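A.B. asks:
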Amino acid sequence: MQFSLQNGGNADNSVSEGNGSPPSVGDRVSVPVRAFGEEYARQRAAQHPSRVAWSSDALRDEGVVRDKSSDGKFLVYFNDDQEPVWSARKALQFVSRGDAPTRRRVVAEASSDDEDDDAPAADFDDDDAEERSGGHLDAQTGPSTPADLEGWQRNDAYSSDERMKWGHFSEHPPVWNVLHELPKDQQTVEFFFAACKSWFNMDFLSDMAELMHKKGREKGVQWAAWKVSVDDLLQWIGVWYYFLAFPQSGGRRSYFMHSSAHRTFGPRHYLEEWLKRGKNGDHKGVKWFENMETVFSLPKGDVGTTDPFHEVRHMWESFGSHFRKVVTPGWLLCLDESMVAWQGKGMPGLMVVPRKPTPLGLEIHTLCDAQSGVLVNYEVFEGKTAMAAKEFVGDKTDIGEINKSTALTLRCVKPYFSSG
Numbered sequence: 030m031q032f033s034l035q036n037g038g039n040a041d042n043s044v045s046e047g048n049g050s051p052p053s054v055g056d057r058v059s060v061p062v063r064a065f066g067e068e069y070a071r072q073r074a075a076q077h078p079s080r081v082a083w084s085s086d087a088l089r090d091e092g093v094v095r096d097k098s099s100d101g102k103f104l105v106y107f108n109d110d111q112e113p114v115w116s117a118r119k120a121l122q123f124v125s126r127g128d129a130p131t132r133r134r135v136v137a138e139a140s141s142d143d144e145d146d147d148a149p150a151a152d153f154d155d156d157d158a159e160e161r162s163g164g165h166l167d168a169q170t171g172p173s174t175p176a177d178l179e180g181w182q183r184n185d186a187y188s189s190d191e192r193m194k195w196g197h198f199s200e201h202p203p204v205w206n207v208l209h210e211l212p213k214d215q216q217t218v219e220f221f222f223a224a225c226k227s228w229f230n231m232d233f234l235s236d237m238a239e240l241m242h243k244k245g246r247e248k249g250v251q252w253a254a255w256k257v258s259v260d261d262l263l264q265w266i267g268v269w270y271y272f273l274a275f276p277q278s279g280g281r282r283s284y285f286m287h288s289s290a291h292r293t294f295g296p297r298h299y300l301e302e303w304l305k306r307g308k309n310g311d312h313k314g315v316k317w318f319e320n321m322e323t324v325f326s327l328p329k330g331d332v333g334t335t336d337p338f339h340e341v342r343h344m345w346e347s348f349g350s351h352f353r354k355v356v357t358p359g360w361l362l363c364l365d366e367s368m369v370a371w372q373g374k375g376m377p378g379l380m381v382v383p384r385k386p387t388p389l390g391l392e393i394h395t396l397c398d399a400q401s402g403v404l405v406n407y408e409v410f411e412g413k414t415a416m417a418a419k420e421f422v423g424d425k426t427d428i429g430e431i432n433k434s435t436a437l438t439l440r441c442v443k444p445y446f447s448s449g
């Protein structure tokens, strides 16, 4: 945190004279420390060598303007763990124009901080701003100290974001970590198929195919020729994706009816023809699809049978770890909720969320990369008792005890702590 002492908040320091313009995004400004509350302001005042009063407008923290609201307030972002502040223009004092490196944005809703009617008004004139800045912001050493401004103390070692210390200022995009493993020619069918497969945990699917193969053979002589390979399983999963893309009434068999290919309205389904193009596809039709449903099995890993989610936990943990391996998200993450609709059978963790399109079912908290829309992590709601025993719940911090909602957020973003 860069911290400054202004000379009494007079007209010269507040830049209140002239016909200046309001601050722009990227401009460096200072805010009275009392805007962060009395406790913080007293702490900052005690740290300052001049022992200035905590309530003084002269004791200020410097930050960068990151946004402007419709009611004329400005969002000021600081360099450490301190929360960004929405401040009225008159409470801001100009430091330098927007020549500072781009910082990672922090999304925050406008706070309800009270405005101080006695706070000095700010005026922003380009020429005056250049004169008062006293120098530029250096990425390695911090802001240079205005030589002609009494009351300032230079501190090049002030606490700052580690990313800033080492020059990492960019708002980095997501990275697809397996791209180098795919075919070089991105215009081929082979590349497209490999790209789709890269999002699946193939070790899990291999175990799943083996289980479904074994379960079919155990049914007797009528299933003697039954076999399930990973390619077979991928084709079967692909049919389910097709159902999701073209929802219709009439049951699953209707997608395999040849009459649908000659209809004059609605999608025309050629599922059997498309399946024949894949490996071992000559025999694949509605009967094959239903047989795959009959032998459907999921590997259960080492999960004990006392776990109410033992049927599916290994699956969601396997795919979750694979998602985190395949993609590194960018600088902006979005946490949301999704529902797995109840299908009329037993479901542990069943809950009702009226605001959801499918209000009855299993709730999943999802974390996505906001730039690409790709899911990078998730957590299943397992019931109140189980969630209360999860990591971070009840942990003590300097501002109180972590509640269940905050703990859930921390668990979802934990793989990306300190990632920038």
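Here my numbering is used: the first residue of the sequence shown is 30, the next is one more, and so on.
Ideal Cβ positions, reconstructed from N, Cα and C, are used throughout, including at glycine.
Source: prediction; values computed, not measured.
1. Kindly give me the distance between the Cβ atoms of Val355 and Val207, rounded to whole angstroms, as I take these residues to be in contact under 8 Å.
2. In three-state DSSP terms, what is His165?
3. Go ahead and label Ser59 buried or exposed: buried means 16 or more other beta carbons lie within 10 angstroms of its beta carbon, across all protein chains shown.
4. Tell me Ile431's beta-bridge partners as DSSP assigns them.
5. Residues bridged to Leu495 by DSSP?
6. Answer yes if the region 387-400 comes into contact with the region 413-426, meaning at least three C-beta pairs across the two stretches below 8 Å, and no otherwise.
7. Do Arg440 and Val405 have their beta-carbon atoms positioned less than 8 Å apart in this structure?
8. Leaving out five residues before and five after Gly390 in sequence, what residues of the same chain have Cβ atoms less than 6 Å from its Cβ?
9. Taking a contact to mean a Cβ-Cβ separation below 8 Å, would you say Trp360 touches Val409 in this structure?
10. Is Thr357 near the ligand SAH, judged by its Cβ being under 7 Å from some heavy atom?
11. Could you say which of Val124, Ser125, Gln122 and Leu104 lies nearest to Trp115 if we only look at CA atoms?
12. Can you give me the start and stop residues for the alpha helix (DSSP H) that Asp90 sits inside?
13. Go through its chain and collect everything with a Cβ distance to Ser347's Cβ below 7 Å, but skip five positions before and after it.
14. Spatial neighbours of Leu437 within its chain, please: CB distance less than 7 Å, with the 5 preceding and 5 following residues excluded, ordered by chain position.
15. Quick one: measure Cβ to Cβ for Ser235 and Val259, integer angstroms, because I've assumed they're closer than 8 Å.
16. Using 8 Å as the Cβ pair cut-off and three pairs as the minimum, do the region 237-257 and the region 316-330 touch?
17. Can you give me the C-alpha to C-alpha distance between Asp90 and Arg57, rounded to a whole angstrom?
18. Please report the distance separating the alpha-carbon of Val442 from that of Cys363.
19. Looking only at its own chain, which residues have a Cβ that is under 6 Å from the Cβ of Trp83, when we skip the five neighbours before and after it?
20. Using a Cβ-Cβ cut-off of 8 Å (strictly less than) and excluding sequence neighbours within five positions of Ser350, which residues of its own chain qualify?
21. How far does the beta strand (DSSP E) with Glu408 in it reach, from first residue to last?
22. What's the gap between the Cα of Glu112 and the Cα of Tyr106?
23. Can you list, in chain order, the residues of its chain with a C-beta nearer than 7 Å to that of Val136? Leave out the 5 residues immediately preceding and following it.
24. Relative to the C-alpha of Pro328, which candidate in Asn320, His242 and Val382 has its C-alpha closest?
25. Please tell me whether His394 has its Cβ less than 8 Å away from any Cβ of chain D.
26. Looking at the strands, I want to know which residues DSSP matches up with Tyr106.
27. Give me the Cα-Cα distance between Pro61 and Val93, rounded to the nearest whole angstrom.
28. Could you give the residue range of the alpha helix (DSSP H) that holds Gln76?
29. Helix, strand or coil for Arg297, going by three-state DSSP, please let me know.
30. In terms of residue numbering, what span does the alpha helix (DSSP H) encompassing Val422 cover?
31. Cutting at 7 Å between CB atoms, please list the residues of its own chain near Val382, excluding the five before and the five after it.
32. Pick out whichever of Pro51, Lys97 and Gly66 has its Cα sitting closest to the Cα of Arg126.
33. Is DSSP giving Gln264 helix, strand or coil here?
34. Sort out for me which residues DSSP pairs Pro61 with in a bridge.
35. In terms of DSSP beta bridges, what is Ser389 paired with?
C.D. replies: Checking against the coordinates, here is how it stands:
1. Yes, they are in contact, since the Cβ atoms of Val355 and Val207 sit about 6 Å apart, within 8 Å.
2. Reliability fails at His165, whose pLDDT of 36 lies under 50, so the model's placement of it is uncertain and no value is given.
3. Counting the other CB atoms within 10 Å of its CB gives Ser59 a total of 16 or more, which places it among the buried residues.
4. DSSP lists no partner for Ile431.
5. For residue 495 there is no data in the structure shown, the boundaries of the chain being 30 and 449.
6. no
7. no
8. Met368, Val369, Ala370 and Trp371
9. no
10. By its list of ligands, the structure shown contains no ligand whatsoever, and the ligand SAH lies outside what it can speak to.
11. Leu104
12. Segment Leu88 to Lys97 is the beta strand (DSSP E) holding Asp90; no alpha helix (DSSP H) there.
13. Asn230 and Phe233
14. His394 and Glu408
15. 6 Å
16. Yes, the region 237-257 touches the region 316-330.
17. 11 Å
18. 10 Å
19. Ala70, Arg71 and Ala74
20. Asn230
21. Segment Leu404 to Val409, the beta strand (DSSP E) holding Glu408.
22. 7 Å
23. The pLDDT assigned to Val136 is 30, lower than 50, so where the model puts this residue is not dependable; a value taken from the coordinates is nonetheless given after this. Excluding sequence neighbours, Val136 sits near nothing in its chain.
24. Selected option, being the one with the closest Cα: His242.
25. Reference to chain D is not applicable here, since this structure consists of a single protein chain.
26. Val93
27. Rounded to whole angstroms, Pro61 and Val93 show a C-alpha spacing of 14 Å.
28. Residues Glu67 to Gln76.
29. Reduced to three states, the DSSP call for Arg297 is coil.
30. Where Val422 is concerned, there is no enclosing alpha helix (DSSP H), given that its DSSP letter is neither H nor E.
31. Met368, Pro388 and Glu392
32. Pro51
33. helix
34. Arg89
35. The sequence shown places Leu at residue 389, rather than the Ser named in the question. BP columns for Leu389 point to Val381.
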